[in-house]
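Note sheet for the following structure.
Chains as they are written, first to last, in the numbering used here: chain A, 204 to 519; chain B, 204 to 519.
So this is what it looks like as structure tokens:
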């Protein structure tokens, strides 16, 4: 992503460390890792670690280790999520469970968690390990909540708590861990954490919009997948709360296993539910940018601002 | 277990901390935790943390946290192993995956790992976190190796490396982490770690013997399960290496999905393969006891010696 240009070389260091950490152990794990590294994502979380840490001066090897560990945690949760969601595709290629089977995917995820905590431990700051372990626990609780809510229409407030636990807290942590690793003052750490929390909320709202509105090819998966998984997201929740549209929508949702995706998509667009969700995402982005104002102006702050804006315009 | 009487009150503290850690988050996780706590095991690993730490004086709250974290890691690996092995029973009750489904079991395991690392972080010693994360990685590699070896007759040497990674290293770590948490000198830590490694090897060899020779009721699962999973353990490996028995045994193993368990059991006993494995286990126990000799004599050392001896006489 162009918005990461300031930390381009830092992200290359992360990629080198990722390969190094993952390819040493055994043949199968090396194969699984190659597969995961090929289906490489946006590197949003390590970029946030590096950008946040850059307020402390030049990126250090210590910061690279924390950024790599954060990406390992992210990879571990994706590998396990694919088992949970019974997903056959991830980022346009076969998911690890599809390629190697559930047993190997369970173990590969655990292995990635273990490698992450070895790296977190290596920076010799108990706050770093505690923050990372806490956020993994919160993400699990969020996912468990999503399992419990399966097929149930949550309220908008419940939706926000769920995406906070599932997504925003970890993006918040990425910023916080960068600040910790760079030894920033606590008030700067808090501002960066708040920034991360708000773009994390925006990020998930946009993901949930894209699940309905994206071009399947750039998204790398089909449209309307969430409802097929029994997960109601903001556009649907909002449309169901509108008297003019809820009856028609309820008819479409009567058989949640085979929803008429094209009709629902059209309704979400016409009813203004997609637009509403976009407004919510934009207001999180504004709030994120506001928390940066007390931080020193310069290229790092501009990169974070650009990143926040990029989140609402991306198409995958 | 009577051999744990010296740390009985310490283990009660561990149980209180386990319940406390697991019941706070959400309803489903509380239910999963209750289920796991009911199917409670032998508490071997936390007992080893406490006994090892006792060489540093009276058990501290710090030691309780490490002992609890070690048991949480153990619980996490069991929950995930049951998914990997497609197991419906664990310690005589339904396994978590059988009771709650694979998605919840994946998440519950991750949640237990996360809680464990929060506790490890709380003792403010990066060596503790690093040791714990490293051993989780090694256990995953060991399990992955077992997946790779599925249905393949490993050599005796390969068997020992596999059980080292799968079992012995974590029992070694339990002793080492107790020594670290109690601030013992490095040479005492090494002696305790070596003790743990050797009883860990003995423990797994005895487990593998019990898979063939135990009374199914006291074992809490059926006999001959390993071979049904495509896992060849020491008694089988040894019998297959003996010219007098290997032909007959190979006939029995021709259809590994439906092995004639009673006949194989009889052959392992008659051929002396069970006896051979018992000899191996005993020699690990002797080696374990030898590494205690340089440690101060007294009730703690006697308890560890008794524990080492108990491992070879247990029936489940």
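Here a beta-carbon is modelled for each residue, glycine too, at the ideal position from N, C-alpha and C.
According to the Cβ coordinates, are residue i and residue j closer than 8 Å?
i	j	result
residue 306 of chain B	residue 301 of chain A	no
residue 415 of chain B	residue 426 of chain B	yes
residue 336 of chain A	residue 513 of chain B	no
residue 317 of chain B	residue 339 of chain A	yes
residue 325 of chain B	residue 268 of chain B	yes
residue 389 of chain A	residue 259 of chain A	no
residue 501 of chain B	residue 462 of chain B	no
residue 398 of chain A	residue 507 of chain A	yes
residue 253 of chain B	residue 219 of chain B	no
residue 303 of chain B	residue 235 of chain B	yes
residue 231 of chain B	residue 343 of chain A	no
residue 518 of chain A	residue 447 of chain A	no
I believe residue i touches residue j by the beta-carbon criterion, under 8 Å. Please report the beta-carbon distance rounded to the nearest angstrom.
i	j	result
residue 511 of chain B	residue 484 of chain B	Not really, about 11 Å apart at Cβ, beyond 8 Å.
residue 374 of chain B	residue 251 of chain B	7 Å
residue 526 of chain A	residue 494 of chain A	With chain A represented from 204 up to 519, any question about residue 526 of chain A goes unanswered, as that position is not in the structure.
residue 369 of chain B	residue 346 of chain B	6 Å
residue 279 of chain B	residue 315 of chain B	4 Å
residue 257 of chain B	residue 503 of chain B	5 Å
residue 327 of chain B	residue 329 of chain A	5 Å
residue 474 of chain B	residue 445 of chain B	6 Å
Please return the same chain residues whose Cβ sits closer than 6 Å to the Cβ of residue i, not counting the five positions on each side in sequence.
i	result
residue 255 of chain B	378, 381, 382 and 395
residue 371 of chain B	400, 403 and 404
residue 308 of chain B	282, 286, 299 and 300
residue 233 of chain A	226
residue 348 of chain A	365
residue 323 of chain A	272, 331, 332 and 335
residue 359 of chain A	440
residue 270 of chain A	217, 249, 252 and 253
residue 406 of chain B	514
residue 276 of chain A	319
Tell me which same chain residues have a C-beta within less than 7 Å of the C-beta of residue i, skipping the five on either side of it?
i	result
residue 244 of chain A	294
residue 154 of chain B	Only positions 204 to 519 of chain B appear in the structure, and residue 154 of chain B is not among them; the question remains open.
residue 238 of chain B	299 and 302
I need the boundaries of the alpha helix (DSSP H) containing residue i, first residue and last residue.
i	result
residue 275 of chain B	264 to 287
residue 398 of chain B	389 to 416
residue 473 of chain B	464 to 473
residue 503 of chain A	502 to 516
residue 329 of chain B	329 to 351
residue 323 of chain A	305 to 325
residue 498 of chain B	Note, residue 498 of chain B: premise wrong, no alpha helix (DSSP H); not H, not E.
residue 219 of chain B	211 to 225
residue 355 of chain B	Element bounds for residue 355 of chain B: n/a, residue is neither H nor E.
residue 257 of chain A	247 to 257
residue 438 of chain A	437 to 443
residue 379 of chain B	372 to 384
residue 454 of chain B	446 to 455
residue 364 of chain A	359 to 366
residue 429 of chain A	428 to 431
At a CB-CB cut-off below 9 Å, which residues of chain E make contact with residue i?
i	result
residue 440 of chain B	Going by chain labels, chain E is absent from the structure shown, which instead holds the protein chains A and B.
Among the residues of its own chain, which have a CB less than 8 Å from the CB of residue i, if the five just before and after it don't count?
i	result
residue 438 of chain A	411, 412, 415, 471, 476, 477, 479 and 480
residue 274 of chain A	217, 221, 246, 248 and 249
residue 468 of chain A	415, 416, 426 and 427
residue 499 of chain A	258
residue 354 of chain A	433 and 459
residue 362 of chain A	435, 436, 437 and 440
Self-check item: Against chain A: residues of the segment 324 to 341 of chain B by CB proximity under 9 Å
Solution: 324, 325, 326, 327, 328, 329, 330, 331, 332, 333, 334, 335, 336, 337, 338, 339, 340 and 341
Quiz item: Which residues, in order along the segment 282 to 294 of chain B, keep a beta-carbon less than 7 Å from a beta-carbon of chain A?
Solution: 283, 286 and 287
Quiz item: Listed in chain order, which residues of the segment 346 to 369 of chain B have Cβ atoms closer than 8 Å to some Cβ of chain A?
Solution: 346, 347, 348, 350 and 351
Quiz item: Using a Cβ cut-off of 7 Å, which residues of the segment 367 to 390 of chain B contact any Cβ in chain A, in chain order?
Solution: none
Practice problem: Mind checking the segment 444 to 465 of chain A against chain B and listing, in chain order, the residues whose C-beta falls within less than 7 Å of any C-beta there? | Solution: none
Quiz prompt | Contact list for the segment 482 to 496 of chain A against chain B, Cβ threshold 8 Å | solution = none
Practice problem: Give, in chain order, every residue of the segment 230 to 257 of chain A whose Cβ lies closer than 9 Å to some Cβ of chain B. | Solution: 230, 231, 232 and 235
Practice problem: Taking a Cβ distance cut-off of 7 Å, strictly less, list which residues of the segment 393 to 421 of chain B are near chain A, in chain order. | Solution: none
Quiz item: Which residues, taken in chain order from the segment 259 to 284 of chain A, show a beta carbon closer than 7 Å to some beta carbon of chain B?
Solution: 283
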